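K.L.:
Heads up: the sequence shown runs through residues 658 to 1249, numbered per this note's numbering.
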Amino acid sequence: RYPCTWLFQKIEEVHRKSCLAPFGVFHRVTEDITVGGVRLKADSICAFNVYSIHHDPELLPEPQRFLPERHLKDGQFAPCPHLATFPSSVYSIQQDAVAPDGGSGVLERNALEGLKKHLDKISEELGEQYQCCVTVQTGDDLHLRLRAFFYMATATVALAGGAVALGLYWLKRKLDDAREPPSVGRYPLVGSYFHLDEPLYLSMYEKFGTEPIVRVHFGTQCVFFFNRWPVFKEAMIDNAEQLTGRLPQYLLMHLLGRHSANRWRNLREYRRFTLKTLRDFGFGRHGAEEIIAIEAEHMVSTLDAAAGEPVETLVVMSTATSNVICQLVFGSRLASEDERFSEMLNLFRNLTQNSMWIRPGDYIEAHLLHQRKHPELFNDKRLTLAVSDLFVAGTDTTANSLRWAILYMIGNPDMAEKAHKEIVDVIGRDRLPKMQDKPSLHYTQAVIEEVHRKSCLAPFGVFHRVTEDITVGGVRLKADSICAFNVYSIHHDPELFPEPQRFLPERHLKDGQFAPCPHLATFGLGKRACLGESLARMELFIFFTALMQRYRFGLDPEDSRTLWHLTEDPEFSKGTLLRAPPLHKIVFTQRA
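#1: Tell me the DSSP secondary structure of G1130 in three-state form.
#2: Rounded to whole angstroms, what's the CA-CA distance from K698 to L857? Just pull it up for me.
#3: Can you list the beta strand (DSSP E) stretches of 3 or more residues lying completely in the stretch 674 to 721, in chain order?
#4: If you pair each beta-carbon of the stretch 877 to 895 with each one of the stretch 1165 to 1184, do three or more pairs fall below 8 Å?
#5: Does the stretch 1122 to 1136 come close enough to the stretch 1212 to 1226 that 3 or more CB-CB pairs lie under 8 Å?
#6: Per DSSP, which one or two residues make a beta bridge with F865?
#7: Please list the segments of the alpha helix (DSSP H) lying wholly inside the stretch 1098 to 1180, counting only runs of 4 or more residues, in order along the chain.
#8: Indicate the three-state DSSP secondary structure (helix, strand or coil) for K1242 in the structure shown.
#9: Quick check on this structure: which residue in P967, E966, I949, K1111 has the alpha carbon closest to the alpha carbon of T1287?
#10: CB E954 to CB N980, shorter than 7 Å?
#11: Suppose the cutoff is 7 Å on Cβ atoms and the five residues either side in sequence are ignored; what does the same chain contact list for W1061 look like?
#12: Please tell me whether I1080 and Q1206 are closer than 7 Å, where the distance is taken between their beta carbons.
#13: Quick one: grab the DSSP three-state call for P1070.
#14: Could you give the first and the last residue of the continuous beta strand (DSSP E) run that contains H874?
#15: Cβ of K674 within 7 Å of Cβ of F723?
#16: Taking the beta strand (DSSP E) that F851 falls in, what are its first and last residues?
#17: Count the other CB atoms within 10 Å of the CB of M809; is the residue buried (16 or more) or exposed (fewer)?
#18: Where F889 and G965 are concerned, what is the direct C-alpha to C-alpha distance, given to the nearest angstrom?
#19: Can you give the Cα-Cα distance for P1151 and L1089, rounded to whole angstroms?
#20: Taking DSSP as the reference, what is the three-state secondary structure of C983?
#21: Would S701 pass as a contact of V682 if the rule is Cβ separation under 7 Å?
#22: Please name the residue in E1190, T959, A817, T867 whose C-alpha comes closest to that of V972.
#23: Buried or exposed: where does H684 fall if 16 or more other Cβ atoms within 10 Å of its Cβ makes it buried?
#24: With a 10 Å radius around its C-beta and 16 neighbouring C-beta atoms as the bar for buried, classify P738 as buried or exposed.
#25: Suppose you measure from the CA of H1176 to the CA of A1203; what does that come to, to the nearest Å?
#26: Alpha carbon to alpha carbon, what distance is there between H852 and T867?
#27: Counting Cβ pairs closer than 8 Å, one from the stretch 837 to 856 and one from the stretch 873 to 881, do we hit at least three?
#28: If you drop the 5 nearest sequence neighbours on each side, which residues of the same chain put their C-beta closer than 7 Å to that of D1094?
#29: State the Cα-Cα distance for the pair E726 and F680, rounded to the nearest angstrom.
#30: By how many angstroms is the C-alpha of A815 removed from the C-alpha of R1122?
#31: Whose CA, out of F881, E670, M861, lies closest to the CA of I1139?
#32: Run the CB neighbour count on C1187, radius 10 Å, all protein chains shown included, and call it buried at 16 or more, exposed below.
#33: Sort L1197, T1224, L1212 by Cα distance to F616 and report the nearest one.
#34: Would you please state the rounded distance, in angstroms, between the beta carbons of Y1145 and P1116? I believe it to be under 8 Å.
#35: Which of helix, strand or coil does DSSP assign to S840?
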């Protein structure tokens, strides 16, 4: 028999209903056992759902009600065999009040309110006044420990889930890689950033130059790089129609909009208009040649005025080439050859707002005439983009090609003398070169061709978007795939160009005659080849021949950098997809 029947039944029901530790304490199995027909191996972790047991209606009817009577049998306290509560008891009921250790007040709980009522009843029956001090295992510490445990368990499960997800991702990637071209390696989100050194074109050439197609991931975007000539030709010639999409660059999307920027049908019509208009204004014919000849005269006048002082080549060359474009596009050149480049850029930015620059007979006037007839295709935004393309293609590329050519001539003085002799023998010293002289200047043409090969201004050309599923080099490329052409790798392929690191114009000669190399991709191939190729070739020939005819070149004596630093040091082209020489000055000495 238990004393204080009413008290103990209350406590027992409090244990059941409150269920302070719903899962009890987690346990580790020390050896293999079988529970409920389930085999638990050693080191398995198990827990007990105490809450579920305490609220099982088969064991404890009406489990959501607080019923101390369920723990009585014939009016006596009967401990429930189905409770799994941690031990708890009333430690003392004494005549004097007893305070817990530490002198703190008695912890009050709502569940103990019933105890006071039963204590009063006991006092009445015994005829004496008692005070009750109940010390109860509150479970606060256990609650905190359980909370910490659940946090740790949740973190463990999250980490385990993340590890599983990463493992599945890695497995899927490996399976995909087995069906795809070689990859330079990548990490989630950051892609191939940590697998390639800068400059990218050199790292690609040194590590993967022999692979026909290589995948590089820029973040999550996969780009297919074509490294060898056969796949390059197959892509640009055999699959030209399917590679007409361009990568949506910021300027293109900003000016034209995302959808119209890559709509090849309209751009093809626009390209046709541009070529026709420029041809009408002398593009690729005598009209353009006369403009280039005028700029060549201004260029040599500027260099003569320098009187042997070091000259910043970028300013001189860019002024000459940009004025060619200015005359073709605006119908006029800059006021003087020494105008700041920013003046031209400001003029370019404001061309659509300043109608005073428009005059009959120039490219803009032709564009506006077509705009009235076909407003859906010709508009101010596309005019701005077209002029931008003309300036980029016709200014920086040609100017930097000239700068490369001068540096290569400084490094190969015997070749410079040979080209000079040929020019003087054919043209003389009294007039500037003309395009009609070109067929007779075989060695000079070979030098220019080798400049194109060795300098490789745009190592990756222009990125393209695949418009429909195609197969290139045995690799399936889905629509909207992005691809690029590793022009640097092709131009330095020892199978195509023996001793590719050497500057050898002779590789473009056959029996003393100039033989254009079929493997050069300077201006691209096929339908997306550079629109300004003929103009660029004309400019480079006239400007370079005029310089070779008149000057010897030398490095700035006050510049501590060597020729290697200006031509071969990979540091100068880090962080860019272009190969332009670093800023430098050249001494132009007039020949006797």
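Beta carbons are placed, not taken as given, at the ideal position from N, Cα and C, and that holds for glycine. A quick note: this is a predicted structure, and the numbers were derived from the prediction, not measured.
P.N.:
The short version:
#1: coil
#2: 54 Å
#3: 690 to 692, 695 to 697
#4: yes
#5: no
#6: In the DSSP output, where bridge partners are listed per residue, F865 has none listed.
#7: 1099 to 1112, 1144 to 1148
#8: strand
#9: Given a span of 658 to 1249 for the chain in the structure shown, any question on residue 1287 remains unanswerable.
#10: no
#11: V1108, S1112, P1238
#12: yes
#13: helix
#14: 870 to 875
#15: yes
#16: F851 -> no beta strand (DSSP E), and no H or E assigned at all.
#17: exposed
#18: 45 Å
#19: 37 Å
#20: helix
#21: no
#22: T959
#23: exposed
#24: exposed
#25: 28 Å
#26: 17 Å
#27: yes
#28: V1083, I1084
#29: 25 Å
#30: 39 Å
#31: F881
#32: buried
#33: For the chain, the structure presents residues 658 to 1249; residue 616 sits outside this window and is missing.
#34: 4 Å
#35: strand
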